[in-house]
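Contents: one structure, followed by commentary.
Listed below in structure tokens is the structure:
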């Protein structure tokens with residue numbers, strides 16, 4: 279990367295993807311670092327950002343081939359097709375959510391191999407370690423926060439009753455009961471949102487430390503006690519898989535609780551693995567007709583038996599819904615947060631003398647998938 283570092287921002291090509299990896303705000307900040315920024319025409323339209331907005335921020339705007347010509351760093355929300363990147367600088371960085379565990383001929387693993395073959399250095403932002411200094415770079419957290427919020431709004435829209443208790447001259451409307459399963463970033467925001475809407479909220483998680491978080495948001499914790507597996511704390515702050523004993527005990531507790539709920543939000547995901555099953559068809563049969571379940575894990579196999587991404591499925595009178603890309607349903611805010619994550623990452627490692635970012639080992643080794651024509655990340659080759 280000799281001379282002025284050139285950033286390329288492409289229009290996302292994945293079906294249903296409305297986000298963009300840079301905004302006029304972050305374009306200005308990148309230029310202030312001494313970089314040049316080029317944005318593909320139409321890249322921000324779905325997020326309510328015009329080409330004129332990018333141009334006013336100082337970006338070059340044009341077709342993909344011109345944007346990519348001589349690019350040193352390519353930004354993306356999802357990993358761009360390697361075939362698009364033929365005009366970039368040899369060894370250029372691809373910085374995006376790369377879905378490294380994806381399957382299929384064009385899935386994440388295949389795409390990572392193609393980046394290696396093209397001599398590109400692929401940096402997977404979803405592999406960002408969950409450490410204090412990297413919090414502002416964490417795309418999973420920023421996007422999950424919005425996903426948890428959106429899940430509750432969608433569920434409220436599908437639910438045929440009001441969320442808050444209402445006392446009227448015609449009688450009292452009871453508050454909806456909302457149960458959040460999985461208290462990570464998405465779950466915490468779901469709790470907060472459901473509470474703001476006036477629901478009676480309860481929540482559960484395999485990590486005992488989340489009890490205090492649940493209580494702090496005014497919700498009721500639902501936990502199995504005195505059974506192995508309650509800690510559930512995996513590496514990097516993610517939940518681990520439950521012990522079999524805990525799984526059975528939790529299923530019994532949850533089954534009784536589910537039968538009383540109007541809204542259920544499931545959020546359980548383990549990176550690199552199929553989503554754990556939290557709700558079975560048999561449990562759905564115990565729920566009240568008209569209840570709604572939003573399955574945030576629908577695109578990774580689903581926490582709920584029978585859920586289908588991007589469809590409203592009705593089972594036993596219960597509506598089950600989940601999006602394949604929930605943050606994309608809030609494109610403006612999701613883009614703003616995602617682009618700040620990318621800028622925060624680049625700026626944290628910016629070397630003024632070299633005019634480019636220089637990664638350290640802790641974060642560089644964690645997120646780097648390919649280098650020197652090879653797949654190098656230990657999570658993929660180990």
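In my numbering, the protein residues as written are 279 to 660. The beta-carbon is built from N, C-alpha and C at its ideal position, and this holds for glycine as well.
Taking DSSP as the reference, what is the three-state secondary structure of residue i?
i	result
residue 573	strand
residue 629	strand
residue 322	coil
residue 419	helix
residue 297	coil
residue 589	coil
residue 455	strand
residue 426	helix
residue 604	helix
residue 542	strand
residue 355	strand
residue 613	helix
residue 431	helix
residue 407	coil
residue 401	strand
residue 512	Below a pLDDT of 50, predicted positions are generally treated as unreliable, and residue 512, at 49, falls in that range; the measurement from the model is reported next regardless. Coil, per DSSP.
residue 623	helix
residue 635	strand
residue 302	helix
residue 280	Residue placement at residue 280 is flagged as unreliable, the pLDDT there being 47, under the threshold of 50; the coordinate-derived value follows with that caveat. In this structure, residue 280 counts as coil in the three-state DSSP scheme.
residue 344	helix
residue 557	strand
Is residue i near residue j, with beta carbons less than 9 Å apart?
i	j	result
residue 614	residue 301	yes
residue 583	residue 555	yes
residue 390	residue 378	yes
residue 458	residue 479	yes
residue 227	residue 596	Only positions 279 to 660 of the chain appear in this structure, which leaves residue 227 out of reach.
residue 393	residue 541	no
residue 501	residue 476	no
residue 603	residue 577	yes
residue 574	residue 547	yes
residue 617	residue 299	yes
residue 374	residue 357	yes
residue 405	residue 352	no
residue 289	residue 336	no
residue 497	residue 473	yes
Using 8 Å for Cβ pairs, my map puts residue i next to residue j. What's the rounded Cβ distance?
i	j	result
residue 571	residue 544	7 Å
residue 400	residue 376	6 Å
residue 481	residue 469	6 Å
residue 467	residue 435	With 8 Å as the limit, residue 467 and residue 435 do not qualify as a contact, their Cβ atoms being about 17 Å apart.
residue 591	residue 585	6 Å
residue 304	residue 634	Residue 304 to residue 634, Cβ: 17 Å. No contact.
Provide the residue span of the alpha helix (DSSP H) that contains residue i, from first to last.
i	result
residue 492	488-494
residue 551	Residue 551 -> no alpha helix (DSSP H), and no H or E assigned at all.
residue 580	Per DSSP, residue 580 belongs to no alpha helix (DSSP H) and is neither H nor E.
residue 386	386-395
residue 657	656-659
residue 413	Here residue 413 belongs to no alpha helix (DSSP H), and DSSP marks it neither H nor E.
residue 481	From DSSP, residue 481 is part of no alpha helix (DSSP H) but of the beta strand (DSSP E) over 478-482.
Name the two residues that bound the continuous beta strand (DSSP E) containing residue i.
i	result
residue 362	It is not in any beta strand (DSSP E) - residue 362 carries neither H nor E in the DSSP assignment.
residue 522	Unbroken run through residue 522 is the alpha helix (DSSP H), 522-536; no beta strand (DSSP E).
residue 471	No beta strand (DSSP E) holds residue 471; the alpha helix (DSSP H) holding it covers 463-474.
residue 598	596-599
residue 374	371-375
Q) Touch check for the region 307-316 and the region 339-356: three-plus C-beta pairs under 8 Å? A) yes
Q. So does the region 345-362 actually touch the region 324-334, counting three or more Cβ pairs closer than 8 Å?
A. no
Q) Would you call the region 619-632 and the region 401-417 touching, i.e. three or more CB-CB distances under 8 Å? A) yes
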